[in-house]
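Here is the structure we will look at.
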Amino acid sequence: MATSAAVRSASRLSFGLVLTFYQRDPAYALGLAAISAHAKRVHPDVRVHLVPIFRDDDVEKIVRLVDELEPDLLGVSAMAPTWLPLDPYLRALKRARPDVPICVGGYQAIVSPEETLAHDAVDFVCVGDGEEPVAELIAYLCGRRAGAAPIAGLWEKTADGTVVRTPPWLVRDLTALPFPDYTIFERDGDVRYLSPHAVESKRLMTLPVLSGRGCPYRCSYCANTTLLDLFGGRGGLLRKHEPEPLLKELARLRARYDVEFFQFWDEEFLYDARYVRRLLGAYRDTVGVPFSMFARPDTMRDDLCSFAAAAGCHSMWVGIESGSDTYRRQFLNRRTPNAALLAAVATARRHGIKCMAFSMVGLPFETRAQAEETLALVRSLAPELAIFSQFVPLPGTPLYELCRRHDLLLPASVDHQMWPIGRLNIKEHPGGMTSAEMATMAAAIMDYLETHTRVDA
Ligand code: B12
Ligand code: SF4
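Residues 78 to 534 (our numbering) are what the sequence shown spells out, left to right.
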């Protein structure tokens with residue numbers, strides 16, 4: 078193992094791990110909670126703190142907050158679109174504490190490790206899951222690590238600028254890991270400053286949770302496809318918690334934070350029908366609060382919807398993405414036809430489950446007529462909540478590669494990567510919408526949204 082980072086004295090009592098991420102609006106970061114839980118299990122004396130960075134947070138304020146916590150290691154979580162906004166914070170943090178190593182993880186680091194490590198402030202990048210690499214890095218920095226082998230899953234920039242590369246470390250068995258540590262989100266014992274109400278439940282105290290990780294599908298715009306490409310796709314990297322301990326954990330969280338609604342953040346909740354039956358079969362009795370999930374239309378079978386509804390499923394988040402059968406098939410690698418989408422939403426509704434439909438506009442080679450088809454399909458689905466986002470090309474995905482090949486990518490900039498709808502995130506091109514068409518399309522969507530959102534738990 079190289080020695081660019083200062084190795085701390087083994088006698089230090091309390092090693093400080095400060096975690097941070099950039100988020101426009103208050104939100105949880107369950108990846109960091111998972112890292113904290115494992116770090117505390119392996120190093121019971123570690124102090125873990127979270128300093129979230131929200132949009133427009135003053136750089137000096139963040140530096141002061143981090144500094145007061147006396148960090149020995151700074152762990153930063155970044156998605157590709159949040160990487161650029163993090164830049165001024167990373168530089169200022171490094172200036173303030175040049176001896177504290179900065180390790181970046183999350184999709185930005187996984188998909189673009191070279192670019193991420195090339196940043197002046199960054200010492201390590203985590204090229205896969207972060208639990209074990211961070212625990213190992215803490216051991217190394219505390220002088221507790223035996224041997225000099227590089228840490229699996231971490232790339233390191235050494236003092237002379239060379240890069241030590243290792244293969245990613247991946248969670249294979251979720252049941253071997255502790256549940257995420259929600260205490261990192263607490264302020265005075267409470268977590269309500271962090272989006273306490275999900276959009277689907279404006280009145281109820283809501284907490285996001287995971288029954289597992291991974292998705293077996295390969296939609297062309299999605300970072301999951303990149304993960305399958307990088308890490309091998311067999312079994313779709315699906316990893317689940319055992320139902321019984323998970324239910325106990327959910328009941329514990331419900332009691333600790335007065336949770337009235339759980340939002341399952343699993344990429345695709347219904348894929349493993351046997352697991353769904355085992356988990357939800359006992360959910361009502363053990364946990365008993367309403368919940369929502371992400372589900373693909375093709376998994377929303379009548380029997381599963383019926384089962385989920387009986388367990389207390391309030392709503393399903395359903396990816397529509399485009400209302401054009403042809404576009405979805407040709408460009409998005411989603412083959413479920415419109416008729417099946419309509420049927421899936423109708424099935425859920427028959428069982429009293431509300432639907433949140435999300436779609437994208439401003440896609441490469443998407444015509445104005447196809448974008449109109451998306452709005453028309455959403456109108457016919459009549460979801461309780463519709464969300465339209467501007468297409469963002471995510472590095473490493475097939476659709477990003479298509480944009481690159483056709484020279485459609487705009488130079489990276491903070492504004493072109495985030496949600497506000499109405500501006501194209503790719504260059505105008507023959508066969509696609511013009512900026513003017515995009516603006517009128519966005520206006521039509523906003524009109525629809527103003528009159529049709531009707532959701533509440
Ligand atoms: C819930 C969610 C959200 C929530 C909460 C985000 C959050 N803070 O986590 C909300 C709705 C706010 C959100 C917003 C966005 N999201 Co989102 N989101 C997700 C989702 C569905 C689950 C995230 C999750 O909890 N995963 C489970 C945890 C355990 O895994 P993890 O976060 O990956 O963390 C592990 C590793 O990545 C790594 N790791 C992560 N951080 C760190 C840090 C360190 C120091 C280390 C060492 C390791 C490490 O270790 C962790 C434990 O193993 C993912 C899909 C997915 N499956 O991950 C998309 C996903 C992360 N989102 C994505 C995107 C693009 C966005 C937006 C940028 C969309 C947009 N254009 O606006 C916004 C960003 C808004 C902002 N930041 O201001 C993409 C990111 C792709 C990419 N290449 O970056 C994903 C992967 C969706 C996709 N399939 O394409 N999102
Ligand atoms: S089903 Fe969802 S998580 Fe899975 S690849 Fe498609 S968009 Fe990504």
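Ideal placement from N, C-alpha and C gives every residue a C-beta, glycine not left out.
Cβ-heavy atom distance, residue i to the ligand B12, below 7 Å
i      : result
Trp342 : yes
Val276 : no
Ala106 : yes
Asp206 : yes
Gly390 : For the record, residue 390 in the displayed sequence is Cys; it is not Gly. Every heavy atom of the ligand B12 is 7 Å or more from the Cβ of Cys390, so no.
Met393 : no
Met523 : no
Thr159 : yes
Gly152 : yes
Cys382 : no
Ala111 : yes
Val199 : no
Pro470 : no
Met156 : yes
Val241 : no
Gln407 : no
Any non-hydrogen atom of the ligand SF4 within 7 Å of residue i CB
i      : result
Arg373 : yes
Gly396 : yes
Thr302 : yes
Met295 : For the record, residue 295 in the displayed sequence is Arg; it is not Met. It does: the Cβ of Arg295 is within 7 Å (strictly closer) of some heavy atom of the ligand SF4.
Pro432 : The sequence shown places Cys at residue 432, rather than the Pro named in the question. Not under cutoff, so the answer is no.
Glu478 : no
Glu345 : yes
Cys299 : yes
Contacts around residue i, its chain only, beta-carbon distance under 8 Å, and the 5 residues preceding and following it disregarded
i      : result
Ala463 : Met433, Ala434, Phe435, Ser436, Val455, Tyr525, Leu526, His529, Thr530
Arg361 : Ala387, Ala388, Gly389
Val143 : Val95, Thr97, Val128, Leu151, Leu170, Ala173, Arg174
Ile522 : Val438, Leu452, Phe465, Ile498
Ala87  : Residue confidence for Ala87 is low, a pLDDT of 43 falling below 50, so the modelled location carries little weight; the figure read from the coordinates is stated next. Answer for Ala87: Cys219, Gly220, Arg221, listed in chain order.
Member of the options whose CA lies at the smallest distance from the CA of residue i
i      : options                        : result
Pro285 : Pro293, Val276, Gly291, Cys292 : Val276
Thr97  : Val181, Pro460, Leu287         : Val181
Leu127 : Pro121, Pro374, Leu151, Ala173 : Leu151
Ala110 : Ala459, His274, Pro255         : Pro255
Phe339 : Ala385, Thr444, Leu327, Ser113 : Leu327
Ala216 : Thr283, Phe92, Ala350          : Phe92
Leu315 : Gly358, Gly396, Ala350, Arg101 : Ala350
Pro257 : Gly365, Ser399, Ala114, Val136 : Ala114
His483 : Pro441, Leu458, Gly291, Ala104 : Pro441
Lys234 : Tyr270, Arg269, Asp267, Glu192 : Glu192
Ala229 : Thr239, Ala236, Leu214, Tyr270 : Leu214
Glu345 : Ala385, Leu307, Ile430, Cys292 : Cys292
Own chain, CB closer than 6 Å to residue i, minus 5 neighbours either side, in chain order
i      : result
Gln467 : Gly439, Ile498, Asn502
Pro367 : Phe338, Gly389, His391, Ala534
Trp342 : Pro285, Leu287
Pro488 : none
Pro320 : Arg355, Leu356
Ser189 : Pro472
Tyr124 : One detail in the question is off: residue 124 reads as Arg in this sequence, not Tyr. So the list reads Ser91, Gly93, once near-sequence residues are dropped.
Ile179 : Leu151, Ala198, Val199, Asp200
Val268 : Phe262, Tyr334
Val119 : Ala212
Cβ neighbour criterion (16 or more within 10 Å) applied to residue i
i      : result
Lys171 : buried
Pro507 : exposed
Gln447 : buried
Lys117 : buried
Lys591 : No answer is possible for residue 591: the residues shown for the chain start at 78 and end at 534.
Asp379 : exposed
Thr80  : In this predicted model, Thr80 has a pLDDT of only 44, less than 50, meaning its place in the structure is not dependable; the value taken from the coordinates is given anyway. The residue is exposed, with fewer than 16 neighbouring Cβ atoms inside 10 Å.
Met515 : buried
Glu137 : exposed
Pro414 : exposed
Met518 : buried
Asp402 : buried
Lys325 : exposed
Pro210 : buried
Ala186 : buried
Close Cβ partners of residue i (< 7 Å) along its chain, the five nearest in sequence each way excluded
i      : result
Thr511 : Glu505
Pro162 : Tyr99, Val491
Thr159 : Tyr99
Leu107 : Pro257, Pro285, Leu287, Trp342
Residue i beta carbon near the ligand PLP (any heavy atom closer than 7 Å)
i      : result
Leu462 : As presented, the structure is devoid of the ligand PLP, carrying the ligand B12 and the ligand SF4 as its sole ligands.
| said: Quick test of the definition: if touching needs 3 or more C-beta pairs under 8 Å, does the stretch 132-148 touch the stretch 292-306? | reply: no
| query | Is it true that the stretch 196-208 meets the stretch 161-168, where meeting means three or more beta-carbon pairs spaced less than 8 Å apart? | reply | yes
| query | Any chance the stretch 231-250 sits against the stretch 203-211, with 3 or more Cβ pairs inside 8 Å? | reply | yes
| the stretch 370-378 in contact with the stretch 410-426 per 3-pair CB rule at 8 Å | yes
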